[in-house]
Every structure is written in structure tokens, then in C-alpha cells.
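Each remark here refers to the structure printed beneath this line.
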Amino acid sequence: MNLTCSINNKTVSREVAPDMMLLDFLRSQGCYSVKCGCETTNCGLCTVWMNGKPVLSCAVPALRAGGCEITTLEGVREEAEEFGRFLAGEGAEQCGFCSPGFIMNVLAMKRELSNPDDREIREYLAGNLCRCTGYAGQMRAVRKYLEAVGRQEAEKQETEKQETEKQEAQKS
């Protein structure tokens with residue numbers, strides 16, 4: 001059967017078997033950040049975004065992605081690298097096997113929740129398993145990242161406000 005979708009803003013059309021999972025399809029398209037850790041939807045390693053929402057690609061038939069926008073870690077590289085620096089800075093980046101799925105969920109959470117507290121962060125990231133860390137470093141990294149992004153957004157808004165005021169003053 002033919003599957004046409006967008007992967008990281010690039011339209012792809014391929015023949016796929018009816019039983020092919022999205023994880024396998026994405027890897028066949030060169031998206032090697034998408035990893036299989038459990039095949040039981042318990043680890044979060046295979047997380048990608050389908051139309052902007054996190055999904056476990058090991059549990060989604062590839063044909064369900066027809067007409068959808070699929071985003072993998074490769075499609076959010078700059079944001080992922082920025083958050084990755086926070087992980088490394090907190091000593092939370094050890095073997096790195098779980099990082100792609102974890103990062104995809106952190107970036108999705110940043111888009112969906114504004115100023116989440118620790119309980120909300122833990123709840124959002126509950127499906128991401130890591131065998132190396134005790135999660136404390138990851139939580140510190142998430143908090144520091146969200147604080148830094150919040151400051152950047154506030155500064156950007158203030159700059160835009162000042163520019164608007166300046167333009168309005170020049171019109172007067």
C-alpha cells in the first residue's frame with residue numbers, strides 16, 4: 001500500500017506493507033534517532049511527533065501516518081542540541097540510548113505546557129525509561145532548560161514591544 005506523509009518537512013511517498021510499524025518506516029527513511037527499546041510501548045525510546053503530538057512509533061501502524069506531519073529528532077536538531085547541552089551540564093547524559101525519545105518529549109512538553117511544576121514534568125515524562133540515571137540530573141536539566149527558554153521568550157517579547165513602541169512613536 002502507498003504511504004504519503006511529511007517527515008521533517010519533506011514529503012515522502014513509499015510502498016509499505018500493511019503491517020509495517022511507523023518506527024520501521026522512519027528508520028527505512030534514514031531517521032536513525034528513532035530507536036526500538038521494548039516493542040511494548042513501555043520505554044519511550046521510539047517517540048516521534050505526529051502532527052505535533054508525541055506518539056510511540058513502535059505502536060503506530062505506518063499507514064496511520066498517511067497525510068500526517070511526522071517529526072523526528074533530526075527535524076528539531078537545533079532545539080535538541082540546546083537541550084542536550086543542559087543534559088550534559090547536569091551529568092544526565094550517560095549512555096545516551098534513551099535521549100532521542102526523552103528529548104522529543106521534553107520539547108513537546110515545552111510547547112504544550114506553560115511553566116509546568118515538578119509534578120507536571122514528571123507526569124509528562126513518565127513514559128521515558130532510563131537505565132543509567134536516577135532521573136535527578138534529568139529533572140535538573142529540564143527545569144534549567146525551561147527556565148532559560150522562558151527567559152529567552154520574555155526577552156524576545158520585551159524587545160518586540162520596545163520595537164513596536166519605537167515605531168509608533170516615529171509615526172506620531
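No gaps in the numbering here: position 125 of the sequence shown is 125 in UniProt numbering, and each next residue is one more.
Cβ atoms here follow ideal geometry from the backbone N, Cα and C, with glycine treated the same way.
Check: Is DSSP giving Pro116 helix, strand or coil here?; Outcome: coil
Check: Cβ atoms of Gly75 and Asn9: under 8 angstroms apart, would you say?; Outcome: yes
Check: For Phe83 versus Tyr145, is the C-beta spacing smaller than 8 angstroms?; Outcome: yes
Check: Are Glu69 and Ser6 closer than 8 angstroms when you measure CB to CB?; Outcome: yes
Check: Starting from Lys35, trace the alpha helix (DSSP H) both ways and give me its first and last residue.; Outcome: That residue, Lys35, is in no alpha helix (DSSP H); it is neither H nor E in DSSP.
Check: In the DSSP output, what is Tyr85 paired with across the bridge?; Outcome: Sequence inspection shows Arg at residue 85; the Tyr mentioned does not correspond to that position. Paired residue(s): none; Arg85 is not in a bridge.
Check: Please classify Tyr161 as buried or exposed, where buried requires at least 16 neighbouring CB atoms within 10 angstroms.; Outcome: The question names Tyr, but residue 161 is Lys in the sequence shown. Burial call: exposed.
Check: Roughly how far, in whole angstroms, is the beta-carbon of Pro61 from the beta-carbon of Met21, given that I think they are within contact range, below 8 angstroms?; Outcome: 6 angstroms
Check: For Thr72, does the three-state DSSP call read helix, strand or coil?; Outcome: coil
Check: Can you tell me the Cα-Cα spacing of Gly44 and Glu163, whole angstroms?; Outcome: 43 angstroms
Check: In the DSSP assignment, the beta strand (DSSP E) including Thr164 goes from what residue to what residue?; Outcome: Looking at the DSSP string, Thr164 is not in any beta strand (DSSP E); the run it does join, the alpha helix (DSSP H), is 136–171.
Check: Can you check DSSP and say which residues form a bridge with Met104?; Outcome: The partner list for Met104 (beta bridge, DSSP) is empty, contrary to what the question assumes.
Check: With 16 as the cutoff for other CB atoms within 10 Å, does Ala88 come out buried or exposed?; Outcome: exposed
Check: Check the DSSP bridge columns for Asn2 and list the partner residues they point to.; Outcome: Glu15
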